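So the sequences go chain by chain: A and B. Per our numbering, residue -19 is the first one in the first sequence, and the count goes up by one each step. Per our numbering, residue 126 is the first one in the second sequence, and the count goes up by one each step.
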Amino acid sequence: MDPTPQSNGPVTRRQFLRNGARLLTMTGLGVAAGALATRSTAAAWVWQIDPAKCLHCGNCATQCVLEQSAVKCVHAYAVCGYCQLCTGFFAPEPNELTTAAENQLCPTAAIQRAYIEDPYYQYSIDEQLCIGCAKCVEGCNRFGNGSLFLQIRHDRCLNCNECAIARSCPGEAVRRVPADRPYLLKTTSR
Amino acid sequence: MKPEFELFDRREFFGVVTKTAAILGLAGAARASTEGAGTANPFAYDVSRFQKTDPKLIAYEEVTRWAAPHKEARRLAIGPDDQLYVCAGNYISRLSRSGQTGLELALAGPACCVAAAADGTIFAGLRDHIEVYDAKGGRTARWESPDPKTWFTGLATDGKDVFAADAVKLAVLRYDRNGKIAGRIGQKNAERNVPGLIVPSPFLDVMIHRDGLLRVNNPGRHQVEAYTFDGDLEAVWGKASAATAGFCGCCNPIALAMLSDGRIVTCEKGIPRVKIYSAAGEFESVVAGAESFPENAHACNDLNDCIHGGLDAAVDADGRIYILDIVTSQVRVMQRKA
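Below you can see the structure in the form of structure tokens.
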């Protein structure tokens, strides 16, 4: 057996052109596949707020590129204590526990309070009014069990390449999540 | 002919440059301060004004403090001869007024509450049952759990009856000295006009007042309720508010004690503070405000729903108020200011 490798013969012009054409075709296919993959990956991820990291700083109301923020308060009813004195609903020093405007904490009166049975009340968010300021979230987390929290609503979010809220979030609570699981919902207290 | 340009000399040039630099500097500083103000949260939930108490309202001063004999302190009570009983960890310790440990009971589980009768009998509340000890620490009885979900958080006795507050079953159980349940107090009952206890977190307390009625905190309603031993609701007082005169948060007050003249000492969590009300419920003064318990105030910011925060209080015959800080496991002795 001859140990020396066989040397290739000279490449003909036809072979050279054929190889060149193959190389170009493969390169083009690769670039196209890469571009498609990148585009589909970008579409498969959306921005969301991790409630466990949220600091209720108020930036969500002011930093979003939309005129009214894509961030809204969300209520985990399974977590809520249905408190008579909801610290997410009432100002710290209410005159009385009624829905009078001066007793409410929310700057836009976006939380609805409905009587259930003595002494329990249900609190729900009017998303048209909510500006995502997190004032109620802070109140609920500070003295309650944290059933109020913020989420980016994907019927409003533009899914910007660089989210302005994420850029300014002091708790680094805004991150990309898979589009097929676009919400980070609370199921237990805090 | 008037010249079009007037040349500066060196002195004028430096003067103009200096003025310009000064104006630019001031403008920059003004902008920086404006930007700094802009970073403040316009939607801040501000309760800072309640976390610092008006000094005029504080009627007590700290005399001394000591550490509880064990970690995870929960409750304290005053027994005969002004001895203190502290529940901490799996122990109930009997302390002198200076904090020296005398008797110590080692329990099978966490000590949740305690009461001592005039004859020295000690009633120890574990989570779901009560154990009875004589004055020397010998166990004389074990009262079986009334319900698998029972969570005793408060005990009181007049020597004849024992009242045990069950924070889960939302009732104060009346036991006789043999451990037989003689009644349930505080449960919702429209016929007796009892609205029912609301206890979102495990802090239900019971106390026997010198007027012969029980006092039970109803934290979910931010009230203190007075019941007869038979369970008739006689009086209610308390207002929900973060302001000093009210009871703050989702559920306060969490613990009660009584001064010798019948005034009532209340403890709160969230904004941790100890206050005094008249027997009829009129706010009188502050024993210690939130600024006295920074670790306790911080406890409610953690991910524990404030279950591990809170305070307890007991009063001795001289009117000194002992405050147990559940977070630091320290006992503070407070005395009325001269």
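Virtual Cβ for every residue (Gly too), placed ideally from N, Cα, C. On a predicted model such as this, the values are computed, not experimentally measured, just so you know.
Which first and last residues belong to the alpha helix (DSSP H) in which A:S148 is found? Where A:S148 is concerned, the enclosing alpha helix (DSSP H) stretches over 144 to 148.
Using a cut-off of 7 Å between C-beta atoms, extract the partners of A:T67 located in chain B. G374, C375, listed in chain order.
Since B:G337 and B:G406 should fall inside the 8 Å C-beta cutoff, what is the C-beta to C-beta distance between them, to a whole number of angstroms? Between B:G406 and B:G337 the Cβ distance is about 17 Å, and since that is not below 8 Å, they are no contact.
Please name the residue, chosen from A:Y57, A:N125, A:A24, A:G38, that lies closest to A:V51 on a Cα-to-Cα basis. Ranking the options by Cα distance to A:V51, first place goes to A:G38.
Output the boundary residues of the beta strand (DSSP E) element that contains B:T282. Start and end: 277 to 282.
Does B:A162 have its Cβ less than 7 Å from a Cβ in chain A? Since pLDDT at B:A162 reaches only 44, below the 50 mark, its modelled position is unreliable, and no value is offered.
Can you give me the C-alpha to C-alpha distance between B:I72 and B:S403, rounded to a whole angstrom? Nothing in the structure corresponds to residue 72 of chain B, since chain B is present only between 126 and 463.
For B:G327, which residues in the same chain have their Cβ closer than 6 Å to its Cβ, ignoring the five residues on either side in sequence? Note that residue 327 of chain B corresponds to Pro in the displayed sequence, not to Gly. Within its own chain, the residues whose Cβ lies closer than 6 Å to the Cβ of B:P327, once the five positions on either side in sequence are excluded, are W276, T278, A292, listed in chain order.
State buried or exposed for B:H423, treating a residue as buried only when at least 16 other CB atoms are found within 10 Å of its CB. It counts as exposed.
Looking at the unbroken beta strand (DSSP E) that takes in B:G227, where does it start and where does it end? Here the beta strand (DSSP E) through B:G227 covers 226 to 231.
Rounded C-alpha distance that separates B:A450 from A:N139: It is worth fixing the name first, because residue 450 of chain B is Asp in this sequence and not Ala. So the two alpha carbons sit approximately 48 Å from each other.
For A:R154 versus A:A146, is the C-beta distance shorter than 7 Å? Before going further, note that residue 154 of chain A is Val rather than Arg in the sequence given. By the CB criterion at 7 Å, A:V154 and A:A146 fall inside the cutoff.
Secondary structure, beta strand (DSSP E): runs of 3+ residues fully inside the stretch 193 to 270 of chain B: Qualifying beta strand (DSSP E) stretches, in chain order: 198 to 203, 209 to 213, 216 to 220, 226 to 231, 238 to 241, 247 to 250, 255 to 258, 264 to 268.
Below 8 Å between beta carbons is the criterion; list the residues of the stretch 326 to 337 of chain B that meet it against any residue of chain A, in chain order. When CB distances to chain A are screened at a threshold of 8 Å, not a single residue of the stretch 326 to 337 of chain B falls below it.
With 16 other Cβ atoms within 10 Å as the buried cut-off, status of A:M6: With fewer than 16 Cβ atoms within 10 Å of its Cβ, A:M6 is classed as exposed.
Over the uninterrupted alpha helix (DSSP H) stretch that includes A:K115, give me the two end residues. DSSP places A:K115 in the uninterrupted alpha helix (DSSP H) bounded by 115 to 123.
Go ahead and pull the three-state DSSP assignment for B:R457. Correct three-state label for B:R457: strand.
Contact with chain B by A:E118, beta-carbon distance below 7 Å: So, interface residue.
Proximal chain B residues relative to A:D98, where beta-carbon distance stays under 7 Å: Taking a Cβ-Cβ threshold of 7 Å, the residues of chain B close to A:D98 are P320, in chain order.
Under 7 Å between C-beta atoms, does A:E73 make it to chain B? Yes, contact with chain B.
For B:L251, which residues in the same chain have their Cβ closer than 8 Å to its Cβ, ignoring the five residues on either side in sequence? Result list for B:L251: L232, A233, G234, P235, A236, C237, F277, in chain order.
Euclidean distance between Cα positions of A:M(-19) and A:R(-6): Unreliable positioning characterises A:M(-19) in this predicted model, as indicated by a pLDDT of 46, which lies under 50. The coordinate reading is nonetheless provided below. The alpha-carbon atoms of A:M(-19) and A:R(-6) are separated by roughly 33 Å.
Give me the residue from B:M332, B:E420, B:L298, B:D272 with the minimum Cα distance to B:G387. Out of B:M332, B:E420, B:L298, B:D272, B:M332 has the C-alpha closest to the C-alpha of B:G387.
Note down, in chain order, every chain B residue with its Cβ under 7 Å from the Cβ of A:L128. None at all; the shortest Cβ gap to chain B is about 11 Å.
Would A:C86 count as contacting chain B if we go by Cβ distances under 7 Å? With 7 Å as the cut-off, A:C86 does not count as an interface residue toward chain B.
Could you check where the beta strand (DSSP E) with B:N421 kicks off and where it finishes? Careful: B:N421 lies outside any beta strand (DSSP E), inside the alpha helix (DSSP H) at 419 to 424.
Enclosing alpha helix (DSSP H) for A:N186 [first to last residue]: Not covered by the structure: residue 186 of chain A. The range shown for chain A is -19 to 170.
Using a Cβ-Cβ distance under 7 Å, would B:R317 count as near chain A? Under the Cβ distance rule, B:R317 does not count among the residues neighbouring chain A, no pair being separated by less than 7 Å.
For A:G68, I'd like the list of residues in its chain whose CB is within less than 6 Å of its CB, leaving aside the five on either flank, ordered along the chain. Excluding positions up to five away in sequence, the list reads C116, G119, C120, L128.
Contact list for B:R346 against chain A, beta-carbon separation under 8 Å: Q64, P99, listed in chain order.
Relative to chain A, which residues along the stretch 163 to 181 of chain B have a C-beta separation below 8 Å, given in chain order? Interface annotation for the stretch 163 to 181 of chain B against chain A: N166, P167, F168, A169, Y170, D171, V172, F175, criterion Cβ-Cβ distance under 8 Å.
Contact list for A:K115 against chain B, beta-carbon separation under 7 Å: Going along chain B in sequence order, the residues near A:K115 (Cβ under 7 Å) are F168, Y170.
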